[in-house]
Amino acid sequence: TVTTATASIISGDATICNGDSTDILVSLTGTAPWSVSYSDGGPPQTDLNITSSPHTIRVAPSSTTTYTLTAATDDNGPATLVGDIDAQITVNSLPTITFTNNTVGDEICTGNTVIFTAGGGLNYNFHVNDVSIQDGGSTTYTTDTLVNNDEIYVVVTGSNGCSDTSSTTTMTIYQPPVADAGLDITT
674 TVTTATASII SGDATICNGD STDILVSLTG TAPWSVSYSD GGPPQTDLNI
724 TSSPHTIRVA PSSTTTYTLT AATDDNGPAT LVGDIDAQIT VNSLPTITFT
774 NNTVGDEICT GNTVIFTAGG GLNYNFHVND VSIQDGGSTT YTTDTLVNND
824 EIYVVVTGSN GCSDTSSTTT MTIYQPPVAD AGLDITT
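Residue 825 in my numbering sits at position 152 of the sequence shown, with consecutive numbering throughout.
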């Protein structure tokens, strides 16, 4: 007796941040090997020679996309698509980051105060040389302890939970000149 093979999505609907990926799980019955075809609205893509169930389809859309099973087969022929055959992947945008400081050309003298200001989100995680030094809701980080070539950036998290990293600012810190009026002379 040959039983008709089936294919259905058992896990797939997800919300991700732009640039991330997620998995769609397809349950397969029948006899391996299977093939599964699916579409995101364009031409179908087919995964061949699947040897175990469930089968994982990794997707990384750049905008909200619905993936639909369009066909499946097992070793005996066509499979029936049953149950849920669609997976909607909602894609949230990354925050649009602003990141500035109060210096001219990212240059200061040792001991001068620098104020870094970020925008575009709800949480701001400021880093110096890849070490988190201030994390929270404050949009500013103020310091007077930077040394030459310190690298500062901020990771901003938006209201939708998605995060992005600013460009890195490399600071030039100058040592103040030492005044030398010569030897003291007494008469």
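We put the beta carbon where it would ideally sit given N, CA and C, even for glycine.
Reducing DSSP to helix, strand and coil, say where residue i ends up.
i	result
Thr-741	strand
Thr-776	coil
Ile-770	coil
Thr-704	coil
Thr-679	strand
Check for me: the beta strand (DSSP E) holding residue i runs from which residue to which?
i	result
Leu-701	695 to 701
Gly-792	787 to 792
Leu-721	718 to 723
Gly-798	Correcting the residue identity first, residue 798 is Asn in this sequence and not Gly. Per DSSP, Asn-798 belongs to the beta strand (DSSP E) from 796 to 801.
Thr-729	728 to 732
Since residue i sits in a beta bridge, which residues does DSSP pair it with?
i	result
Gln-761	Thr-739
Pro-751	Thr-746
Ala-687	Ile-762
Ser-661	With the chain covering 674 to 860 only, the question about residue 661 has no answer from this structure.
Considering only the beta carbon of each residue, do residue i and residue j sit closer than 8 Å?
i	j	result
Pro-768	Asp-693	no
Leu-701	Ala-745	yes
Thr-688	Thr-741	no
Val-787	Thr-812	no
Ile-781	Ile-846	yes
Gly-673	Thr-842	Any property of residue 673 remains undetermined from this structure, which presents the chain solely from 674 to 860.
Thr-676	Asp-748	no
Ile-770	Ser-839	yes
Gly-809	Tyr-797	yes
Asp-779	Ile-730	no
Thr-719	Ser-726	no
Pro-765	Ser-735	One detail in the question is off: residue 765 reads as Asn in this sequence, not Pro. For Asn-765 and Ser-735, no; Cβs fall outside 8 Å.
Ala-656	Asp-686	The requested residue 656 does not occur in the structure, where the chain is confined to residues 674 to 860.
Asp-857	Met-844	no
Thr-679	Ser-710	no
Phe-772	Ala-752	no
Cβ of residue i versus every heavy atom of the ligand ATP: is any distance shorter than 7 Å?
i	result
Asp-748	This structure does not include the ligand ATP; it has no bound ligands of any sort.
What beta strand (DSSP E) runs, 3 residues minimum, are completely inside the segment 807 to 859?
The qualifying runs are 813 to 816, 824 to 830, 836 to 838 and 845 to 847.
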